[in-house]
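In our numbering, the protein residues as written are 459 to 751.
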């Protein structure tokens, strides 16, 4: 196979990917991250590279380390995005160029894949999609699995462009919370974190005026494939008509899963608060609403 594949949606099926493997310019990326409990009961993020190497991956897929290589390790909060120059170089190390058709997946419910999908879109690379169902669906369908390391062919990377306006900072969110600007706030954290019943931050709860659409509720938990669009419309019914939609979560990851779902509903104009609750809750003056009993 030599011709390049062509993307028409922000997600692709396992059959589509199986048919395209080996085509020119296709770059398949495993973006797995593990969320594991520590001895103190707190959860920690670990690179999914060992899982990729030992348990296997889609044939030909390269591994992307979202923790070490595609986030700013020097930032105040985990998973903060890189500046455009460093991001372009980081994806270049994975073999991505401006001509690449990129398919990203993970072994969870898709939020890690959607994070890289969002980062690439923000950097101006539109030819990127998420594998619907990720590695879970791929395995369930008994598709081929490869173990060991796949060495990427490094490139000069994608062109360094000014970031697209897909992000909003804390000041912008404050204007919405204070009523100075309009915007529908959507929180993608699990329900108990939204209400303040659970959470690892010293300050719990959600931003005033937010609606809850947890990223974990966007997929069929048996296959990890995204729900039908009719069901997605029901979940986002309270905000679909808003002129502006602002998404946040704990650290800017799960919010991108909501962004992916909204893209399937025709809302490509949403923005993500990258600092999310990690940044917001660290400010003792920033209001949080707790609704837990």
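We put the CB at the ideal spot given by N, CA and C, even for glycine.
Bridge partners of residue i, per DSSP?
| i | result |
| --- | --- |
| residue 604 | 515 |
| residue 488 | 521 and 563 |
| residue 642 | 703 |
| residue 684 | 677 |
| residue 576 | In DSSP, residue 576 forms no bridge with anything. |
| residue 626 | 731 |
| residue 505 | 491 |
| residue 588 | 469 and 562 |
| residue 747 | 664 |
Determine, using beta carbons only, whether residue i and residue j come nearer to each other than 8 Å.
| i | j | result |
| --- | --- | --- |
| residue 568 | residue 613 | no |
| residue 633 | residue 577 | no |
| residue 616 | residue 583 | yes |
| residue 667 | residue 635 | yes |
| residue 553 | residue 588 | no |
| residue 590 | residue 703 | no |
| residue 625 | residue 494 | no |
| residue 728 | residue 720 | yes |
| residue 726 | residue 671 | no |
| residue 651 | residue 472 | no |
| residue 518 | residue 486 | yes |
Go through its chain and collect everything with a Cβ distance to residue i's Cβ below 7 Å, but skip five positions before and after it.
| i | result |
| --- | --- |
| residue 607 | 511 |
| residue 543 | 618 |
| residue 677 | 567, 568, 683, 684 and 685 |
| residue 659 | 735 and 739 |
| residue 674 | 567 and 648 |
| residue 514 | 603, 604 and 605 |
| residue 697 | 642, 644, 669 and 703 |
So what does DSSP say about residue i, is it helix, strand or coil?
| i | result |
| --- | --- |
| residue 477 | helix |
| residue 469 | strand |
| residue 493 | strand |
| residue 551 | coil |
| residue 670 | strand |
| residue 632 | helix |
| residue 725 | coil |
With a threshold of 6 Å on Cβ separation, who are the neighbours of residue i within its own chain once the five nearest residues in sequence on each side are excluded?
| i | result |
| --- | --- |
| residue 478 | 463 and 484 |
| residue 556 | 616 and 617 |
| residue 505 | 523 and 525 |
| residue 750 | 653, 654 and 655 |
| residue 746 | 661 and 663 |
Report the CB separation of residue i from residue j in whole angstroms; it is logged as a contact under 8 Å.
| i | j | result |
| --- | --- | --- |
| residue 573 | residue 524 | 6 Å |
| residue 737 | residue 535 | 6 Å |
| residue 713 | residue 656 | Actually they are not in contact, since the Cβ atoms of residue 713 and residue 656 sit about 18 Å apart, beyond 8 Å. |
| residue 722 | residue 690 | 6 Å |
| residue 628 | residue 724 | Not really, about 28 Å apart at Cβ, beyond 8 Å. |
Near residue i, which residues of its chain fall below 8 Å by C-beta distance, leaving aside the five closest residues on each side in sequence?
| i | result |
| --- | --- |
| residue 509 | 490, 492 and 565 |
| residue 460 | Confidence is the limiting factor: at residue 460 the pLDDT is only 45, short of 50, which leaves the residue's position unreliable, though a coordinate-based value still follows. Same-chain partners within the cutoff: 481 and 482. |
| residue 465 | 559, 585, 586 and 587 |
| residue 541 | 530 |
Would you say residue i lies against chain D (beta-carbon separation less than 8 Å)?
| i | result |
| --- | --- |
| residue 598 | Any reference to chain D falls outside this structure, which holds one protein chain only. |
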